[in-house]
Amino acid sequence: DTQFGEGDDLARRVAEEVDRYLTSGEPGGFRAWVEARTPFDDLEPDHRGEAVALLTFHAAKGREWWGVFVTGVEEGLVPHASAVSPAQQAEEARLAYVAVTRAAHHLVLTAAEERNGRAAAPSRWIDAVVESAVADRPAPPPEPRRRVVDPLAPYTAWRAAVARASGQPERAVCSDRVLRSLLDDPPADASALATRLGITETAAARLRPLPQPA
Numbered sequence: 520d521t522q523f524g525e526g527d528d529l530a531r532r533v534a535e536e537v538d539r540y541l542t543s544g545e546p547g548g549f550r551a552w553v554e555a556r557t558p559f560d561d562l563e564p565d566h567r568g569e570a571v572a573l574l575t576f577h578a579a580k581g582r583e584w585w586g587v588f589v590t591g592v593e594e595g596l597v598p599h600a601s602a603v604s605p606a607q608q609a610e611e612a613r614l615a616y617v618a619v620t621r622a623a624h625h626l627v628l629t630a631a632e633e634r635n636g637r638a639a640a641p642s643r644w645i646d647a648v649v650e651s652a653v654a655d656r657p658a659p660p661p662e663p664r665r666r667v668v669d670p671l672a673p674y675t676a677w678r679a680a681v682a683r684a685s686g687q688p689e690r691a692v693c694s695d696r697v698l699r700s701l702l703d704d705p706p707a708d709a710s711a712l713a714t715r716l717g718i719t720e721t722a723a724a725r726l727r728p729l730p731q732p733a
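The sequence shown begins at 520 in the numbering used here and counts up by one.
Put into structure tokens, the structure is as follows:
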């Protein structure tokens, strides 16, 4: 079941009529079918300018369209039942390749479940076409890496700045355990900070402000 987006009504109509033509088994080309049944005469004038090209696999060689519908992609048709020798099979494969590579952006393959009163099976080559399309699809852009920020980093930088200003080692300002406590349970004022650091309240008040919790 082919899914069409909005604005694809014309493409759907063409695909349905081509499938009806192929299912009917009537002799003559699709052009004769359309001329006899006029299935598109009800189209609005602005749609009449949106033409489609109906071609055989042979006639499509060397041409390209934005979108291509390849109908009747079933066993017995693609490859044709009359192709039995390796050379004939190779020619059928070449023609199928021509057909499915005519689309620049949008390719639709259709296969009937029943044709001429008999059950029909999708062509053995459909899976290869799908696999090729998936392989050729651009890979999705990698997800941006989330930057992992150490919540203790601002406090480590604070301790280093205090150490440089006072001319003493960082561990002399406070131990790693005390530094972690400043993050986990920030002191309410200079008095509480002085108690943690083992300094006077006056000295604590002169220190650069602690980082603000995130």
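Ideal placement from N, C-alpha and C gives every residue a C-beta, glycine not left out.
In terms of Cα proximity to ASP695, the closest of THR675, ASP708 and VAL648 is THR675.
Of the candidates ALA709, HIS624 and ASP528, the residue whose Cα lies closest to the Cα of ALA724 is ALA709.
Runs of the beta strand (DSSP E) lying entirely within the region 624-709, each at least 3 residues long, are absent. For the pair ALA579 and LEU573, the Cα-to-Cα distance works out to about 9 Å. Taking all protein chains shown into account, SER685 has fewer than 16 neighbouring C-beta atoms within 10 Å of its C-beta and is therefore exposed. By the criterion of at least three beta-carbon pairs nearer than 8 Å, the region 599-606 is not in contact with the region 633-643. Exclusion of the five residues before and after GLU633 leaves ALA639 as the residues of its chain whose Cβ lies within less than 7 Å of its Cβ. Assignment of beta-bridge partners to GLU593 by DSSP yields PRO641.
Separation of the CB atoms of LEU614 and PHE588 is rounded to 16 Å, and the pair is thereby denied contact status at 8 Å.
The bridge partners DSSP lists for ALA724 come to none. Taking a cut-off of 8 Å for Cβ pairs, the region 614-626 and the region 546-560 do not touch, as fewer than three such pairs fall below it. About 6 Å separates the beta carbon of LEU541 from that of THR590, a gap short enough to meet the 8 Å contact definition. The continuous alpha helix (DSSP H) containing VAL617 extends over residues 605-619. Around the beta-carbon of ARG531, fewer than 16 other beta-carbon atoms lie within 10 Å, marking it exposed. The beta carbons of GLU611 and PRO598 sit closer together than 8 Å. According to DSSP, GLY586 shares a beta bridge with HIS625. Under the DSSP assignment, VAL571 falls outside any alpha helix (DSSP H); it carries neither an H nor an E label.
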